[in-house]
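What follows is a single structure, written as C-alpha cells, with notes after it.
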Amino acid sequence: MDSETSTGHVSRKAVLRAAIAAGMAVPTAFMGVPALARTLGDGPVAPALTPECDDGDHPTVEQIEGPYFKPNSPLRSSLLESGTVGVRLTVSGYVFGRACLPISGALLDFWQADTNGAYDNTGFRFRGHQFTGADGSFKLTTIVPGLYPGRTRHLHVKVQAPGRPILTTQLYFPGEPRNNTDSIFDARLLMTVRDAGGAKEAAFDFVLDVPQTPNPTPTPTPTSTPTSTPGGTWAVGRAYRAGDAVTYGGRGYVCLQAHTAQPGWEPPAVPALWRAA
C-alpha cells in the first residue's frame, strides 16, 4: 500500500512501520492500531500473504485441523521444556477484526511436530494456548517443526475471538522445497521469517471474520507545493505539507509527507515524515 493516501494524508501503516523500524515508541494517536507484524522482513519483495488488514478485508483462510489436535492444552506462550532440541523459533503478531482493529482476549491454540517430525499424542509437548493482550498481540516461543512424509513444514493453530466461531488454520515457512508438493499448502498463510543468530523470528497477523466499527476517516490535508514554509518550532496540531521546514530541538527538518502533527510524531521520532535538513 502507498504510504500516502489519495487525499495526501499519510497512512497510519507508514507511520507505524517507520516508528518501529527506528526503535521509537508508537505515536499516541495510533496506540489502538498496532503495526502489521507482517512488515517484518529482510528482502525488498514480500511473499504473497494473507491480505493485510484494512477496512473490509477478507479473513485469514481456513485449513483442515488434521489428525493430531488435542483439546485442553496447557496455558503457556512458550512450548520449550527442559532438554528441548531444535532451532528456536519466535512467532509474533496480532489478531485483528474486519476493520483492522485489534482483538483483545482472543484465544490462540498452537500445536506442532517436534524437530523429528513427530507429534506428542499422549502428552502435551509442543502444544499450548494463550490469549492476546489488550493490544491484540501474541507471541509464541517454540522450535522450527520437523518434516514428515507428505507435508511441508508448518504450525497448526486455532484462533477464536471471545464468543465468536473458531478459525482453524496452519502457518507456513517461505522457501521450503516441499511447499511446491504439499497439496494443503496455501501461500496466503506464509509467515515472514528471518534469521536471528542461530534462531528464527517469524511474524503473522490473523484477520478474523468479526464485524467492527472502523476508526473515523482522517481529515484530508492539502498536498500542493507550499509557496512558503511555516518555519519556527514544530507544533502539535499544525498541518504540514511536503517541503515545509521546521525546527525542533535546535535542528532543522524538512517534511516528507503531508500530515497534521500529533504527539509522538516529533521530527526525530518518525523518519517517514521528516528528514534532517
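Residue numbering for the sequence shown is -8 to 268, as defined by our numbering.
Every residue gets a Cβ at the ideal spot worked out from N, C-alpha and C, and that includes glycine.
With a threshold of 6 Å on Cβ separation, who are the neighbours of residue i within its own chain once the five nearest residues in sequence on each side are excluded?
{"i": "Met182", "result": "Leu162, Ala193 and Phe195"}
{"i": "Pro35", "result": "Confidence at Pro35 is low in this model, with a pLDDT of 40, below 50, so the placement of that residue should be treated as unreliable; the coordinate-derived value is given next. Same-chain partners within the cutoff: there are none."}
{"i": "Ser69", "result": "Thr132"}
{"i": "Arg325", "result": "Outside the shown range of the chain, which is -8 to 268, sits residue 325, and nothing can be said about it."}
{"i": "Ala37", "result": "Confidence at Ala37 is low in this model, with a pLDDT of 41, below 50, so its placement is unreliable and no value can be given for it."}
{"i": "Val237", "result": "Trp225 and Tyr244"}
{"i": "Arg242", "result": "none"}
Considering Cα atoms alone, identify which of the options is closest to residue i.
{"i": "Val76", "options": "Ser128, Gln248 and Thr133", "result": "Thr133"}
{"i": "Ala190", "options": "Arg266, Pro140, Gln253 and Thr81", "result": "Thr81"}
{"i": "Val227", "options": "Ile175, Gly240, Gly108 and Ala252", "result": "Ala252"}
{"i": "Arg155", "options": "Gln203, Pro140 and Leu131", "result": "Gln203"}
{"i": "Gly141", "options": "Val78, Gly108, Ala236 and Glu72", "result": "Gly108"}
{"i": "Asp111", "options": "Asn171, Val198 and Pro58", "result": "Pro58"}
{"i": "Ala335", "options": "Pro262, Pro165 and Thr143", "result": "In the structure displayed, the chain extends from -8 to 268; residue 335 sits before or after that span and is not available."}
{"i": "Leu99", "options": "Val148, Tyr231 and Ser73", "result": "Val148"}
{"i": "Leu146", "options": "Asp200, Pro153, Leu131 and Ile157", "result": "Leu131"}
{"i": "Cys91", "options": "Arg242, Thr51 and Trp102", "result": "Thr51"}
{"i": "His250", "options": "Lys61, Gly241, Trp225 and Gly243", "result": "Trp225"}
{"i": "Val86", "options": "Phe122, Thr238 and Arg229", "result": "Phe122"}
{"i": "Tyr139", "options": "Thr106, Arg242 and Trp102", "result": "Thr106"}
{"i": "Pro62", "options": "Ala187, Gly114 and Gly240", "result": "Gly114"}
{"i": "Ala152", "options": "Asp173, Gly84, Gly88 and Ala187", "result": "Gly88"}
{"i": "Ala125", "options": "Val150, Gly96 and Ala187", "result": "Gly96"}
{"i": "Val198", "options": "Ala236, Val150, Glu56 and Gly188", "result": "Val150"}
{"i": "Ser83", "options": "His120, His49, Phe60 and Phe129", "result": "Phe129"}
{"i": "Ala230", "options": "Gly240, Trp256 and Gly241", "result": "Trp256"}
{"i": "His120", "options": "Phe60, Asp235 and Gly188", "result": "Phe60"}
{"i": "Glu56", "options": "Ile175, Gly74 and Gly166", "result": "Ile175"}
Does the beta-carbon distance from residue i to residue j come in below 9 Å?
{"i": "Gly127", "j": "Pro168", "result": "no"}
{"i": "Pro254", "j": "Ala267", "result": "no"}
{"i": "Ala260", "j": "Cys246", "result": "no"}
{"i": "Asp200", "j": "Gln54", "result": "no"}
{"i": "Asn170", "j": "Phe164", "result": "yes"}
{"i": "Thr160", "j": "Leu180", "result": "yes"}
{"i": "Val135", "j": "Arg67", "result": "no"}
Just grab the DSSP bridge partners of residue i for me.
{"i": "Trp265", "result": "Cys246"}
{"i": "Arg79", "result": "Ile134"}
{"i": "Trp102", "result": "Arg118 and His147"}
{"i": "Ser69", "result": "Thr132"}
{"i": "Pro259", "result": "The partner list for Pro259 (beta bridge, DSSP) is empty, contrary to what the question assumes."}
{"i": "Gly84", "result": "Phe129"}
{"i": "Tyr231", "result": "His250"}
{"i": "Val198", "result": "Phe87"}
Give me, in chain order, the residues of the same chain whose beta-carbon lies closer than 8 Å to that of residue i; leave out the 5 immediate sequence neighbours on both sides.
{"i": "Glu72", "result": "Arg116"}
Near residue i, what residues of its chain come up, given a Cβ to Cβ distance below 7 Å and the 5 sequence neighbours on each side ignored?
{"i": "Asp173", "result": "Arg142 and Thr143"}
3-residue-minimum beta strand (DSSP E) runs that sit fully inside the segment 128 to 184, ordered along the chain: Within the segment 128 to 184, the complete beta strand (DSSP E) runs of at least 3 residues are 128 to 134, 145 to 151 and 157 to 163.
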